[in-house]
């Protein structure tokens with residue numbers, strides 16, 4: 058005897074099947090407005106493939122084709138938008154929210170704000186620095202750049218991947234840049250989203266010189282290189298230190314002479330009247346590298362150390378063994394608050410070591 062399936066049960070089963078074929082959750086949309094170099098809005102979509110309406114226009118959100126050409130701003134894991142890895146839309150270029158100018162013969166800059174900004178960063182062509190954070194409109198101040206290792210991460214509402222892809226694009230421009238992050242980025246009202254994020258950054262290309270902000274040259278101090286070498290142990294990356302006590306001196310001294318059979322005695326110093334600084338280049342693939350300290354000056358309570366990280370020249374004959382160059386400098390000045398290590402050839406800041414760190 059054949060069993061008949063009730064129509065209501067069949068309809069209910071079909072409904073469940075159709076529901077299972079639909080995406081489980083609404084998509085996420087992230088807008089990044091980049092002005093000054095692009096004047097574009099970059100839009101990223103995340104979630105499950107579907108058809109979606111953005112401001113009255115129906116778009117297809119799909120899995121990115123791994124064989125499709127990559128955009129400068131492509132992000133792994135983002136959905137394609139009508140086949141594009143990122144949706145790029147032109148925007149009206151705004152007026153600059155900040156203006157940054159160099160101060161001659163120093164690493165300092167002047168920062169002037171025309172709008173409230175969440176953060177202002179400086180990229181010198183090699184490294185990132187912080188110039189300001191949560192600044193109101195209408196200020197003009199002298200700023201000493203502070204090193205920043207996170208590039209653009211943690212700024213605005215950027216994800217880590219979004220921050221990295223924008224930072225990489227800016228770094229490829231290979232020139233000094235000022236990047237300001239808006240406190241209130243432009244936002245779109247889009248229904249049906251699980252999440253919406255917006256970030257706006259403005260890029261200033263090139264820095265003019267602010268001659269009026271120049272201050273007289275800092276005072277010179279007596280200093281000497283008390284020891285140097287090329288076989289430190291346990292220091293893989295560059296390190297810049299202000300040694301605050303004998304324990305730090307002993308630890309640094311042992312690292313510097315780590316490859317020696319007999320560690321020399323500690324230098325005789327009076328840390329109440331003198332300051333010891335250490336510079337490690339980190340592990341290098343060959344010989345020919347060294348730390349060349351050129352000058353040490355004092356401004357206020359800070360030391361400014363001009364040094365060159367020497368590399369082997371083209372065709373130079375050097376040992377092919379790994380090396381780890383270092384130098385320790387004694388300065389006849391106590392009570393120093395910080396030491397700024399910079400390249401005298403272009404003013405680029407390597408790092409800052411603070412007594413409070």
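Numbering (the numbering used here), first residue to last: 58 to 414.
Even for Gly, the Cβ is constructed at its ideal location relative to N, Cα and C.
Taken through DSSP and simplified to helix, strand or coil, residue 374 comes out as coil. In this chain, residue 281 is not harboured by any alpha helix (DSSP H); it is covered by the beta strand (DSSP E) spanning 280 to 286. Runs of the beta strand (DSSP E) lying entirely within the segment 321 to 401 and spanning at least 3 residues, in chain order: 332 to 337, 347 to 356, 359 to 367, 383 to 388, 395 to 399.
The Cβ-Cβ distance between residue 297 and residue 410 falls below 8 Å. Distance between residue 109 and residue 211, taken at the CA atoms: about 29 Å. In this structure, residue 167 places its C-beta atom within 8 Å of the C-beta atom of residue 158. Around the beta carbon of residue 99, 16 or more other beta carbons lie within 10 angstroms, which makes this residue buried.
Contact annotation: the segment 277 to 296 does not touch the segment 137 to 154, with fewer than three C-beta pairs closer than 8 Å.
Cβ-Cβ separation between residue 94 and residue 242: approximately 17 Å, too far for a contact (criterion under 8 Å). For the set 301, 345, 382, the Cα lying nearest the Cα of residue 372 is the one of 345. Of the candidates 107, 92, 96, 107 places its Cα closest to the Cα of residue 82. The distance from the Cβ of residue 364 to that of residue 374 is about 24 Å, inconsistent with a contact at the 8 Å cut-off. At a Cβ-Cβ threshold of 8 Å, residue 264 and residue 233 count as neighbours. 216 is the residue among 216, 288, 231 whose C-alpha sits nearest the C-alpha of residue 253.
When DSSP states are grouped into helix, strand and coil, residue 85 belongs to the strand group. Residue 299 is not a Cβ neighbour of residue 306, given a cutoff of 8 Å.
Taken in chain order, the unbroken stretches of beta strand (DSSP E) that lie wholly in the segment 92 to 137 and span 3 residues or more are 97 to 103, 107 to 111, 114 to 119.
Measuring C-alpha to C-alpha distances from residue 257 to each of 160, 279, 236 identifies 236 as the nearest. Cβ neighbours of residue 384 within its own chain (closer than 7 Å, five residues either side excluded): 282, 285, 336, 348, 350. In the structure shown, residue 300 falls within a strand segment according to DSSP collapsed to helix, strand and coil. Pairing residue 354 with residue 393 gives a Cβ-Cβ distance that is not under 8 Å. Comparing alpha-carbon positions, the option among 245, 376, 138, 319 lying closest to residue 341 turns out to be 376.
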